[in-house]
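Reviewing the structure listed below.
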DNA sequence: GCATGTTACAATGCATACATAGTGAAAGAC
DNA sequence: GTCTTTCACTATGTATGCATTGTAACATGC
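Protein chains in written order, with the working numbering: chain A, 41 to 263; chain B, 41 to 263.
Given below as structure tokens:
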């Protein structure tokens with residue numbers, strides 16, 4: 041490999057694999073033996089194995105004894121359950137952030153992403169829209185002050201990102217979703233924790249319903 | 041060691057370490073180098089290391105580079121945050137269970153634990169009370185049908201168990217907590233998902249407040 | 001006595017070795 | 001042609017080896 045002795049090989053393997061999964065470069069259902077992955081990453085099995093254990097804890101991968109690590113494919117009902125969990129948990133991040141009385145800088149960063157979403161919408165650029173949407177949610181999670189919450193929600197966002205990537209071509213409520221973000225932002229700016237929770241929860245619930253409808257309409261069986 | 045080639049050494053190490061942490065046999069703040077732990081468990085560093093990585097993902101342990109794995113000690117504010125997360129997430133388990141329309145057997149198992157709590161209360165047996173409380177919550181989690189939820193909440197219950205063990209001598213609201221469980225059980229029996237969520241949420245919120253009061257009153261700095 | 005520099009040690013991160021046990025293909029029976 | 005049995009292979013689970021590097025104790029200077 042050319043670079044990256046930044047920190048540890050485990051961290052590097054974890055980052056690379058996780059990103060690849062998140063971006064669907066390693067598609068759901070992909071499976072390859074550890075030695076092959078190790079070779080591909082240019083390191084020995086040991087750090088790869090440790091990274092895979094972490095990814096398994098994140099629910100992104102399943103270690104199947106004689107067949108190699110498997111990139112998790114979600115069934116429709118698992119997508120539903122994913123949204124159930126996310127709808128319960130992610131809003132607490134908004135609460136935590138609202139409670140911390142976010143400063144102008146923070147708010148303008150978030151506002152920027154919402155602006156990007158609106159622009160992408162005008163441009164008819166679903167890819168760009170999703171990217172901005174993603175950054176918005178990640179920003180909230182990062183600015184919020186509960187590390188445990190961050191640790192638990194972060195992999196959920198990866199899953200959702202994959203699901204949204206897949207269902208992107210069929211989505212038609214992005215206008216509404218963008219407005220959801222604006223409303224949420226206003227609640228955050230007002231330091232209204234309960235309102236922020238409610239808005240984010242509603243947003244994810246709605247998104248979940250929309251995604252489930254697309255899954256049903258397109259007869260998707262795994263994502 | 042005498043037994044346990046059941047499955048893998050990693051699984052065995054994970055179970056043993058996790059249980060020891062949960063029961064405070066490995067107290068918060070305990071730290072020992074990997075080789076020492078490996079020796080203690082009668083295996084090489086490799087499976088121990090993999091188990092520790094999982095425990096780290098659970099938030100029970102932190103791998104500190106030159107000082108060995110550290111059993112996490114929670115500061116008071118971390119306990120608060122723990123309850124914030126748990127109050128948001130665990131109620132979804134009750135929802136999931138209520139939605140599944142629990143059968144008589146299920147309900148009588150849960151009812152049994154509540155009965156045990158009441159009896160332990162009469163006997164002035166806080167230890168027994170906590171054990172039954174614990175089984176009740178674990179049973180709900182196990183009966184509920186969202187594996188991801190199980191996976192995420194389970195380590196939280198371990199943390200809470202440790203906290204409750206520590207604060208047990210100072211608790212005086214166990215009567216009320218027992219009633220909370222009865223109410224929750226009734227909602228579950230009625231298949232009332234929203235009611236079940238509300239009750240479990242209220243229960244954990246209340247418990248969290250009680251615990252925080254004890255922490256403040258006793259000036260506990262870590263648990 | 002306190003601060004700073006030096007050094008031996010030890011824990012980790014990673015690579016490698018190896019036994020075990022499934023798997024899949026090839027070979028053979030019907 | 002299909003089913004069964006055998007067998008080589010290969011992926012994993014675990015142990016071990018080893019270089020690196022931070023730590024802490026010691027020594028030295030003030």
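Just so it is clear, CB atoms sit at the ideal spot from N, CA and C, and this is done for glycine as well. In this text, all values refer to a predicted model and were calculated from it rather than measured experimentally.
Using a beta-carbon distance cut-off of less than 9 angstroms, what residues from the stretch 185-196 of chain B approach chain A?
185, 186, 187, 188, 189, 191, 192 and 196
Starting from the Cα of residue 188 of chain A, find the closest Cα among B:186, B:132, B:199 and B:184 and give me that residue.
By one-based count along the first chain, residue 188 of chain A stands at place 148. Ranking the options by Cα distance to residue 188 of chain A, first place goes to B:199.
Own chain, CB closer than 6 angstroms to residue 73 of chain B, minus 5 neighbours either side, in chain order
Working through the second chain from its first residue, we reach residue 73 of chain B at position 33. Taken in chain order, the residues that qualify are 108.
Please identify the residue among A:75, A:76, A:80 and A:99 whose C-alpha is closest to the C-alpha of residue 197 of chain A.
As a first step, residue 197 of chain A is located in the first chain; it is residue number 157 there, counting from the start. Closest by alpha carbon: A:99.
Neighbouring residues, chain A, relative to residue 286 of chain B (Cβ below 7 angstroms):
Residue 286 of chain B cannot be examined here, being either before or after the span of chain B that is shown, 41 to 263.
Buried or exposed for residue 115 of chain B, going by 16 or more other Cβ atoms inside 10 Å?
Counting from 1 along the second chain, the entry for residue 115 of chain B is found at position 75. Flag for residue 115 of chain B reads exposed.
Below 8 angstroms on the Cβ atoms is my guess for residue 77 of chain B versus residue 111 of chain B; work out the distance and round it to an integer in Å.
Your numbering for residue 77 of chain B matches position 37 in the second chain. Your numbering for residue 111 of chain B matches position 71 in the second chain. Contact flag wrong, Cβ pair sits at about 11 angstroms.
Would you list, in sequence order, the uninterrupted beta strand (DSSP E) runs of no fewer than 3 residues that lie entirely inside the stretch 114-171 of chain A?
As far as the stretch 114-171 of chain A is concerned, it has no whole beta strand (DSSP E) run of at least 3 residues.
Excluding the five sequence neighbours on either side, which residues of its own chain have a C-beta within less than 6 angstroms of the C-beta of residue 94 of chain B, listed in chain order?
To locate residue 94 of chain B, count along the second chain from 1; it is residue 54. So the qualifying residues of the chain are 54.
By DSSP, does residue 45 of chain A sit in helix, in strand, or in coil?
As a first step, residue 45 of chain A is located in the first chain; it is residue number 5 there, counting from the start. Bear in mind that the predicted position of residue 45 of chain A carries a pLDDT of just 49, short of 50, making it too unreliable to give a figure here.
Mind checking residue 230 of chain A: buried by the 16 CB within 10 Å criterion, or exposed?
The residue labelled residue 230 of chain A in the question sits at position 190 within the first chain. Classification for residue 230 of chain A: exposed.
Can the beta-carbon of residue 149 of chain B be found less than 9 angstroms from the beta-carbon of residue 190 of chain B?
In the second chain, counting from the first residue as 1, residue 149 of chain B sits at position 109. In the second chain, counting from the first residue as 1, residue 190 of chain B sits at position 150. Going by C-beta atoms, residue 149 of chain B is not nearer than 9 angstroms to residue 190 of chain B.
Using a Cβ cut-off of 7 angstroms, pull out every chain A residue sitting near residue 20 of chain B, in sequence order please.
Any property of residue 20 of chain B remains undetermined from this structure, which presents chain B solely from 41 to 263.
Would you mind working out which of A:83, A:238 and A:117 sits nearest residue 48 of chain A, comparing C-alpha positions?
Here residue 48 of chain A corresponds to residue number 8 of the first chain, with the count starting at 1. Out of A:83, A:238 and A:117, A:83 has the C-alpha closest to the C-alpha of residue 48 of chain A.
Please confirm whether residue 84 of chain B has its beta-carbon closer than 9 angstroms to some beta-carbon of chain A.
Working through the second chain from its first residue, we reach residue 84 of chain B at position 44. No, no contact with chain A.
Where residue 41 of chain B and residue 179 of chain A are concerned, what is the direct C-alpha to C-alpha distance, given to the nearest angstrom?
Within the second chain, numbered from 1, the residue matching residue 41 of chain B stands at position 1. Within the first chain, numbered from 1, the residue matching residue 179 of chain A stands at position 139. Annotation note: pLDDT 38 at residue 41 of chain B (below 50); position unreliable, coordinate value reported separately. Each residue's alpha carbon lies about 49 angstroms from the other.
Near-chain A residues of the stretch 220-235 of chain B (beta-carbon distance less than 7 angstroms), N- to C-terminal order:
none
According to DSSP, which residues form a beta bridge with residue 102 of chain A?
For the purposes of this step, residue 102 of chain A is taken as residue 62 along the first chain, with counting starting at 1. Note: residue 102 of chain A sits in a beta bridge opposite A:110.
Inter-residue Cα distance where the pair is residue 151 of chain B and residue 103 of chain B
Within the second chain, numbered from 1, the residue matching residue 151 of chain B stands at position 111. Within the second chain, numbered from 1, the residue matching residue 103 of chain B stands at position 63. One C-alpha to the other measures close to 40 angstroms.
Going along chain A, which residues have a C-beta under 7 angstroms from residue 122 of chain B?
Here residue 122 of chain B corresponds to residue number 82 of the second chain, with the count starting at 1. Correct list: 188.
Determine the DSSP secondary structure at residue 71 of chain B, reduced to helix, strand or coil.
Translated into positions along the second chain, residue 71 of chain B becomes position 31. Note: residue 71 of chain B maps to strand in three-state DSSP.
Euclidean distance between Cα positions of residue 135 of chain A and residue 129 of chain B:
The residue you call residue 135 of chain A lines up with position 95 of the first chain. The residue you call residue 129 of chain B lines up with position 89 of the second chain. Using only the alpha carbons, I get a separation of about 14 angstroms.
Return no unless some Cβ of chain A is closer than 9 angstroms to the Cβ of residue 182 of chain B.
Walking along the second chain from the start, residue 182 of chain B turns up at place 142. Cβ-Cβ to chain A under 9 angstroms: no for residue 182 of chain B.
Once DSSP output is grouped into helix, strand and coil, what is the label at residue 198 of chain B?
Along the second chain, read from residue 1 onward, the residue named residue 198 of chain B stands at position 158. If DSSP states are grouped into helix, strand and coil, residue 198 of chain B belongs with the helices.
Touching or not, the stretch 159-178 of chain A and the stretch 85-94 of chain A, by the rule of three or more beta carbon pairs under 8 angstroms?
no
Chain A contacts made by the stretch 94-111 of chain B, where a contact means CB separation under 9 angstroms:
94, 96, 97, 98 and 99
Would you mind stating whether residue 166 of chain B and residue 160 of chain B have Cβ atoms separated by less than 9 angstroms?
Here residue 166 of chain B refers to the residue found at position 126 when the second chain is read from its first residue. Here residue 160 of chain B refers to the residue found at position 120 when the second chain is read from its first residue. The answer is yes: Cβ separation under 9 angstroms.
Less than 9 angstroms between CB atoms is the rule here; does residue 55 of chain A satisfy it with respect to chain B?
Indexing the first chain from 1 puts residue 55 of chain A at position 15. Chain B, which has no Cβ nearer than 9 angstroms to the Cβ of residue 55 of chain A, makes this no.
In angstroms, rounded to a whole number, what distance separates the CA positions of residue 210 of chain A and residue 254 of chain A?
Walking along the first chain from the start, residue 210 of chain A turns up at place 170. Walking along the first chain from the start, residue 254 of chain A turns up at place 214. Computed Cα separation, rounded: 7 angstroms.
What residues of chain B sit near residue 125 of chain A, judged by a beta carbon separation below 9 angstroms?
Position 85 of the first chain, counted from the start, is the residue given in the question as residue 125 of chain A. The answer, in chain order, is 129, 132, 186, 188, 189 and 192.
Answer with yes or no whether the minimum CB distance from residue 239 of chain A to chain B is below 9 angstroms.
The sequence position of residue 239 of chain A within the first chain is 199, counting from 1. Judged by the 9 angstroms Cβ criterion, residue 239 of chain A is not in contact with chain B.
Just reading off the alpha helix (DSSP H) that residue 214 of chain A is part of, what are its end residues?
In the first chain, residue 214 of chain A corresponds to position 174, counting from 1. Its alpha helix (DSSP H) spans residues 214-229.
Measuring only the C-alpha atoms, how far is residue 184 of chain A from residue 137 of chain A?
Counting from one through the first chain, the residue named residue 184 of chain A turns up at place 144. Counting from one through the first chain, the residue named residue 137 of chain A turns up at place 97. When rounded, the distance between both Cα atoms is 5 angstroms.
In whole angstroms, give me the CA-to-CA distance for residue 252 of chain A and residue 101 of chain A.
Here residue 252 of chain A corresponds to residue number 212 of the first chain, with the count starting at 1. Here residue 101 of chain A corresponds to residue number 61 of the first chain, with the count starting at 1. When rounded, the distance between both Cα atoms is 22 angstroms.
Is the beta carbon of residue 131 of chain A closer than 9 angstroms to that of residue 226 of chain A?
Walking along the first chain from the start, residue 226 of chain A turns up at place 186. Walking along the first chain from the start, residue 131 of chain A turns up at place 91. Contact: no.
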